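Asks: Numbering (our numbering), first residue to last: 8 to 88. Using N, Cα and C, we set each Cβ at its ideal position, and we do this for glycine too. Because the structure is a prediction, the values reported are computed rather than measured. Below: one structure in structure tokens.
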Amino acid sequence: ECPYHGWTFNGEGSCTKMPSTVFRPHISVDTRPVREADGFVWVWMGEGAPDEELPTYTQAPEGFTVLSEQIFDVPTEHGLL
Numbered sequence: 008e009c010p011y012h013g014w015t016f017n018g019e020g021s022c023t024k025m026p027s028t029v030f031r032p033h034i035s036v037d038t039r040p041v042r043e044a045d046g047f048v049w050v051w052m053g054e055g056a057p058d059e060e061l062p063t064y065t066q067a068p069e070g071f072t073v074l075s076e077q078i079f080d081v082p083t084e085h086g087l088l
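Below, the structure is given as structure tokens:
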């Protein structure tokens with residue numbers, strides 16, 4: 008869903024809802040391969056198929072320990088985006 012206009016798209020990229028205007032058929036966006044791992048959403052922007060292995064940036068390097076993690080939810084009005 009577009010946070011500014013509220014338009015909604017399906018998995019093939021076709022627009023299915025346009026609450027901010029009269030619905031126009033045949034509006035679409037490009038789709039990309041997406042995977043979720045370790046609380047992150049990974050989007051492949053390259054050409055061809057993505058590698059099967061995802062990076063392990065979310066894991067501490069060998070010999071290191073994570074002492075603290077901070078997660079912030081920040082409410083934002085879509086008009087500010």
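Using DSSP with H/G/I as helix, E/B as strand and the rest coil, what is GLU59?
Replies: GLU59 sits in coil when the DSSP states are folded into three classes, being neither helix nor strand.
Asks: Taking 8 Å as the threshold (C-beta atoms), are TRP49 and THR41 in contact?
Replies: The residue asked about is misnamed: residue 41 is Val in this sequence, not Thr. In contact: VAL41 and TRP49 (Cβ atoms closer than 8 Å).
Asks: What would DSSP say about ALA67, mapped onto helix, strand or coil?
Replies: Assignment of ALA67 by DSSP, reduced to helix, strand and coil, places it in the coil class.
Asks: For the beta strand (DSSP E) holding PHE79, just list the boundary residues, first then last.
Replies: Premise fails: PHE79 is in no beta strand (DSSP E) and is neither H nor E.
Asks: Beta strand (DSSP E) containing THR28: first to last residue?
Replies: Element bounds for THR28: n/a, residue is neither H nor E.
Asks: Using only alpha-carbon positions, find the residue among ARG39, PRO57, CYS9 and GLU54 that is nearest to PRO26.
Replies: CYS9
Asks: Contact check, THR23 vs THR15 under 8 Å by CB: the rounded distance?
Replies: 5 Å
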